[in-house]
């Protein structure tokens, strides 16, 4: 598993480096009067995939932005139940997006992306691939949270979306 996480991080770094290089080369080529018209398309393609990898990493380390002012004030068990419910709803959404994204990708296989000659399927393929990756990560969080609820400390369950150091920072006041 660690290998896959390292591979994901390495791929994200490689994509980011390629984007920077492509944009720089495109700017330099334009400056000397020989624009690389395909470079913008390729940079955008890489950016879509990078966004999906970044979203997955953010979910994995529970770093997505959330507005939880009121949720933090809920009792611990209610908050845990709400996170499980929202996690299941999000999982259903991600799986739906993966399915619909795969259908869209199949429709776009013959379409050419800009001036690059690359199939547009590579662009739209980021959606199902990214959503499946996110779904697997979210499912792992849900399983960990459910197992923790039954085997761990029921007063401090592992939450699905909140980081461990933030898990009960606000909820402890609600329990008092």
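Numbering (the UniProt record's numbering), first residue to last: 1 to 176.
We put the beta carbon where it would ideally sit given N, CA and C, even for glycine.
On a predicted model such as this, the values are computed, not experimentally measured, just so you know.
According to DSSP, which residues form a beta bridge with residue i?
i           : result
residue 127 : Residue 127 is not bridged to any residue.
residue 119 : 112
Measure the C-alpha to C-alpha separation of residue i and residue j and round it to an integer number of angstroms.
i           : j           : result
residue 40  : residue 130 : 22 Å
residue 176 : residue 128 : Caution applies to residue 176, whose pLDDT of 40 falls short of 50 and renders its modelled position unreliable; the value that the coordinates give is listed next. The straight-line gap from Cα to Cα measures roughly 44 Å.
residue 78  : residue 132 : 28 Å
residue 58  : residue 64  : 6 Å
residue 108 : residue 120 : 6 Å
residue 34  : residue 116 : 16 Å
residue 160 : residue 71  : 13 Å
residue 171 : residue 91  : With a pLDDT of only 45 at residue 171, under 50, the local geometry of the prediction cannot be trusted, and no value is derived from it.
residue 162 : residue 30  : 46 Å
residue 181 : residue 113 : Summary: the structure shown does not reach residue 181, with the chain confined to residues 1 through 176, and so no result is reported for it.
residue 100 : residue 106 : 10 Å
residue 8   : residue 81  : 31 Å
residue 89  : residue 122 : 28 Å
residue 138 : residue 32  : 48 Å
Determine the extent of the alpha helix (DSSP H) in which residue i is found, giving its start and end residues.
i           : result
residue 19  : 2-31
residue 158 : Run containing residue 158: none; DSSP gives neither H nor E here.
residue 41  : 37-60
residue 63  : Per DSSP, residue 63 belongs to no alpha helix (DSSP H) and is neither H nor E.
residue 80  : 76-107
Counting only C-beta atoms, is residue i closer than 8 Å to chain C at any point?
i          : result
residue 47 : The chain labelled as chain C is not found in the depicted structure, where only one protein chain is given.
Quick one: grab the DSSP three-state call for residue i.
i           : result
residue 71  : helix
residue 141 : helix
Just to confirm my understanding: we take residue i, look at its own chain, exclude 5 residues before and 5 after, and list those with CB closer than 7 Å. What are they?
i          : result
residue 46 : 15, 18, 19
residue 38 : 115, 116
residue 48 : 123, 126
Spatial neighbours of residue i within its chain, please: C-beta separation below 8 Å, excluding the five flanking residues on both sides.
i          : result
residue 97 : 127, 128, 131
residue 50 : 12, 15, 16, 19
What residues in its chain sit with their C-beta under 6 Å from that of residue i, if we drop five residues either side in the sequence?
i           : result
residue 186 : Lying before the first or after the last residue shown, residue 186 is absent from the chain, which here runs from 1 to 176.
residue 94  : 131, 134, 135
residue 69  : none
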